[in-house]
Structures are given as C-alpha cells and as structure tokens.
Amino acid sequence: CSVNKYGKIFIVTNANTTTNSNNNNTTFVSISSQNLIQFIIFSGRNLADLRRSMPRGIFSTSTIIRLSLQILSAIEAIHDAGFLHRDIKPSNFAVGRLPTNCRTIYMLDFGLARQYTTPKGDVRPARPVAGFRGTVRYASRNAHMNREMGRHDDLWSMFYVLVEFASGQLPWRRIKDKEQVSVFCVFPFILQGMKTGSLLT
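Each residue of the sequence shown is one higher than the last, beginning at 1 in UniProt numbering.
This is the structure:
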C-alpha cells in the first residue's frame, strides 16, 4: 500500500499490467496522477500455505525467529505511518518469488487498516464501541470485545501467529463463535494448548 500526504491508504487488490503473460513475479505500477508511491504487486506463497506444506505442519525455531523479525518490522512500518493493520494473520504475509527476494516477507491486505493518529500525529480518542474487525482465530481480545484497537492489538495477533507457527494450531482453532474465542485467547490458555516442547524442536 501507499500513504499519501492526506493520510489515506491506497490499495491495489488485483492488476494485470505485465506484457509477459508468464511473468507472475513482481510488477511495478506507477499511478502518477495523484502523486502516489509505486505499488509492488506479486504472487508469492503466503505463510499459511507454507506452514501447512511443512512435514509436521510447523516451522523450525530458527525459521520462526527469522519470520518474527520481518513480521515485526512490517508491523512497525505501518504503525510508524500512523495506521493499524487490524488483520494480522499468516495468509496476509507472503514471500517473494525471485531469487533476490525469496527470503523477504511482505505484508498484504490492508482492507481493514485504520488510521490511529490525527493529522498532528496524536493518537485518536478511543470510540466507546468500535465493532469487530479482523479474523476470529487471530483477533485480539480487544477486537473480540468490540473495543477500540491499538498498536498492541496487532502485536497480540502476531503472537497468536507465532504460536501457530510453532505448534501447528491454536487452542481455539475449532471454535467459530467469536464470543467463545474471546474467553480462550489469553496467555495461560495459549500455553496450555501448545504441544509440549513445540518451541524447542
């Protein structure tokens, strides 16, 4: 995505601009009419698919560490721009397809992003009721309770993602009702639901 001087996020969800039909890697699209930064559009595999393709459905500890550093860096970048992502999950991160970027993680899907700062850079006042935003499995407790979300909520979602990377599942994976999930998505329940020694393999 790109952020312009008016603080709006501009998103490209799909584009077929390449002249080579076999090129499904990185395509650059320039939209100069509104002075936007160039977009990067590509079709790398997302982290949800990659994890499921692993022999035991989990990443190694060293891989998780490398992924976590890049995911955290991406979250920090969008926060520094004054926005919350509000839908951090494995399928919203993908790897590049080229030899030069095949170890680079890209953040995707800014459809639920929200600006949390004012034009002066101050944090916006919290709304009494914000409504649910996100994906039930990875949403923070605040999201499940319809509270205003902040930067820490993106980090909670990242934590759930890393737990799933390490154990292959979250304790509430089979629960669809978000009210029930909100009871479980706290730290003690997460630890109880993890496979023994999953972080040490």
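Glycine included, every Cβ here is placed at the ideal spot set by N, Cα and C.
Can residue i and residue j be called in contact, C-beta distance under 9 Å?
i: residue 130; j: residue 105; result: no
i: residue 139; j: residue 178; result: yes
i: residue 93; j: residue 47; result: yes
i: residue 213; j: residue 86; result: Residue 213 cannot be examined here, being either before or after the span of the chain that is shown, 1 to 201.
i: residue 58; j: residue 168; result: yes
i: residue 135; j: residue 89; result: yes
i: residue 71; j: residue 181; result: no
i: residue 276; j: residue 97; result: Outside the shown range of the chain (1 to 201) lies residue 276, about which nothing can therefore be said.
i: residue 108; j: residue 133; result: no
i: residue 61; j: residue 166; result: yes
Who pairs with residue i in a beta bridge, going by DSSP?
i: residue 146; result: Beta-bridge pairing links residue 146 to no other residue.
i: residue 166; result: Note: residue 166 sits in no beta bridge, so no partner.
i: residue 105; result: 95
i: residue 84; result: 114
What would DSSP say about residue i, mapped onto helix, strand or coil?
i: residue 77; result: helix
i: residue 113; result: coil
i: residue 158; result: helix
i: residue 123; result: strand
i: residue 135; result: coil
i: residue 29; result: The predicted model places residue 29 with a pLDDT of 32, which falls under 50 and marks its position as unreliable; any figure quoted below should be read in that light. Of the three classes helix, strand and coil, the one that applies to residue 29 here is strand, per DSSP.
i: residue 61; result: helix
i: residue 24; result: Because the pLDDT of residue 24 is 25, which lies under 50, any placement of that residue in the model is unreliable, and the number read from its coordinates should be weighed accordingly. Coil.
i: residue 181; result: helix
i: residue 141; result: helix
i: residue 90; result: helix
i: residue 175; result: coil
i: residue 56; result: coil
Between which two residues does the alpha helix (DSSP H) containing residue i stretch?
i: residue 48; result: 47-52
So residue i and residue j are supposed to be a Cβ contact under 8 Å. How far apart are they, rounded?
i: residue 153; j: residue 142; result: 5 Å
i: residue 155; j: residue 164; result: Residue 155 to residue 164, Cβ: 15 Å. No contact.
i: residue 123; j: residue 45; result: Actually they do not touch by this definition, with Cβ atoms about 36 Å apart.
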